[in-house]
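These notes are about the structure you will find just below.
Protein chains: 2
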Amino acid sequence: MTGLRENNLGSAQECLGQRFQTWRGGEFDLALCPVRGILDRLGDKWTTLILIVLAQRPHRFSEIRRSIPDISKRMLTQTLRDLERDGMITRRVFPTKPPSVEYGLTELGESLLEPVAQLVTWAETSQTKIAMARSAFDAAEASRG
Amino acid sequence: MTGLRENNLGSAQECLGQRFQTWRGGEFDLALCPVRGILDRLGDKWTTLILIVLAQRPHRFSEIRRSIPDISKRMLTQTLRDLERDGMITRRVFPTKPPSVEYGLTELGESLLEPVAQLVTWAETSQTKIAMARSAFDAAEASRG
DNA sequence: TCTTCCTGGTCTAAAATAGAGACCAAGCCT
DNA sequence: AGGCTTGGTCTCTATTTTAGACCAGGAAGA
Numbered sequence: 229m230t231g232l233r234e235n236n237l238g239s240a241q242e243c244l245g246q247r248f249q250t251w252r253g254g255e256f257d258l259a260l261c262p263v264r265g266i267l268d269r270l271g272d273k274w275t276t277l278i279l280i281v282l283a284q285r286p287h288r289f290s291e292i293r294r295s296i297p298d299i300s301k302r303m304l305t306q307t308l309r310d311l312e313r314d315g316m317i318t319r320r321v322f323p324t325k326p327p328s329v330e331y332g333l334t335e336l337g338e339s340l341l342e343p344v345a346q347l348v349t350w351a352e353t354s355q356t357k358i359a360m361a362r363s364a365f366d367a368a369e370a371s372r373g
Numbered sequence: 229m230t231g232l233r234e235n236n237l238g239s240a241q242e243c244l245g246q247r248f249q250t251w252r253g254g255e256f257d258l259a260l261c262p263v264r265g266i267l268d269r270l271g272d273k274w275t276t277l278i279l280i281v282l283a284q285r286p287h288r289f290s291e292i293r294r295s296i297p298d299i300s301k302r303m304l305t306q307t308l309r310d311l312e313r314d315g316m317i318t319r320r321v322f323p324t325k326p327p328s329v330e331y332g333l334t335e336l337g338e339s340l341l342e343p344v345a346q347l348v349t350w351a352e353t354s355q356t357k358i359a360m361a362r363s364a365f366d367a368a369e370a371s372r373g
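Order-wise, the sequence lines are chains A and B. Count along the first sequence from 1, add 228, and you get the number used in the working numbering. Count along the second sequence from 1, add 228, and you get the number used in the working numbering.
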């Protein structure tokens, strides 16, 4: 364990708490601190991708790596550990000749899939608009020099 | 512009495409590449927080900074620029004596609030389970030495 | 007038984080 | 023996983030 996981989730940053009590109207209570920690976790580069891969079926370590070619072993290990620690995935070791390890979603992990799916859907439907906005912005910037 | 924004969204990583055609059943088509770029953007440390702040009402640069005390000026500037480029927020400069700049959500930005809200809701309802899972994991790890 | 403060940034240097790839044990196959 | 596999870990380097100094330029105070 060299420097892996000393993610002080939400300790470095002050609780934004009461500031957002009325997030667009009031249905949104305080307690944003832990939420932020979770958002940070989801937000990292690989977490969502790994969840999507595991959503299909349980995968072994190297299988995940093949599904997400540009993740490094180190980051895969670290992200899987964090996910396991948060109760989103299970890790099962089989004492086969070369040992094999299978990762799969827990119920909690499954439940996360729903909001993630919404986000993915939003991303799909919005990508055209975003691409247009980018072009416009870049063009305007270029014309200003 | 020193090193800001050369985010080659989705160029470094190969398109995961057809691999996820059947994300939990089949309703999930290819085209994950651009989606991934968007997810990366949402996933960064500050984007979601800024969106939530702006969801309340438009804010000035320094106001945002006060709402998110631990963001550095540089990251705030950079994140706001990226958000503006993606068409999620508008930037309006007022030629006041000390110049003031107001940032607000666009319609596209507003539309993102919905899936983000779902995620926040999930996070709120799940935080207890996650906390328990962490305790259990840490305890098990400690007992193993 | 001279000093100080405010704004929204930019710049540099240092700290934290991610990535590449060598390495490991242990057992199989040839 | 030699080489291959597995799931990792370790070290070294590259990238990213942070802190904080700095800037222009008007305003208000003295």
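Even glycine gets a Cβ: it sits at the ideal position worked out from N, Cα and C. Note that the structure is predicted; figures quoted are calculated from it, not measured.
Supposed contact pair residue j and residue i - C-beta distance, whole angstroms, cut 8 angstroms
i: Q355(A); j: V263(B); result: 7 angstroms
i: P343(B); j: P343(A); result: 7 angstroms
i: S328(B); j: R288(B); result: 6 angstroms
i: A351(A); j: L282(B); result: That pair is no contact at about 19 angstroms.
i: C271(A); j: T276(B); result: Per the sequence shown, residue 271(A) should be read as Gly rather than Cys. With a Cβ gap of about 7 angstroms, G271(A) and T276(B) count as contacting.
i: R319(A); j: E312(A); result: 5 angstroms
Closest by C-alpha distance to residue i, when choosing among the options
i: G315(B); options: S328(B), R293(B) and L333(B); result: L333(B)
i: E291(A); options: A359(A), E369(A), E330(A) and V344(A); result: E330(A)
i: R309(B); options: I278(B), R294(B) and P323(B); result: I278(B)
i: A361(B); options: H287(A), L336(A) and L341(A); result: L336(A)
i: R269(A); options: P323(A), L282(A), A359(A) and L340(A); result: L340(A)
i: E338(B); options: G265(B), K273(B), W274(B) and I280(B); result: I280(B)
i: G265(B); options: T324(A), I299(A) and I358(A); result: I358(A)
i: R302(B); options: A364(B), K325(B), W274(B) and T349(B); result: W274(B)
i: F365(B); options: R294(A), R372(A), A367(A) and I317(A); result: I317(A)
Classification of residue i by the beta-carbon crowding that lies within 10 angstroms, buried from 16 upward
i: T305(A); result: exposed
i: T353(A); result: exposed
i: S363(B); result: exposed
Per DSSP, cross-strand counterpart(s) of residue i
i: T318(B); result: G332(B)
i: R288(A); result: E330(A)
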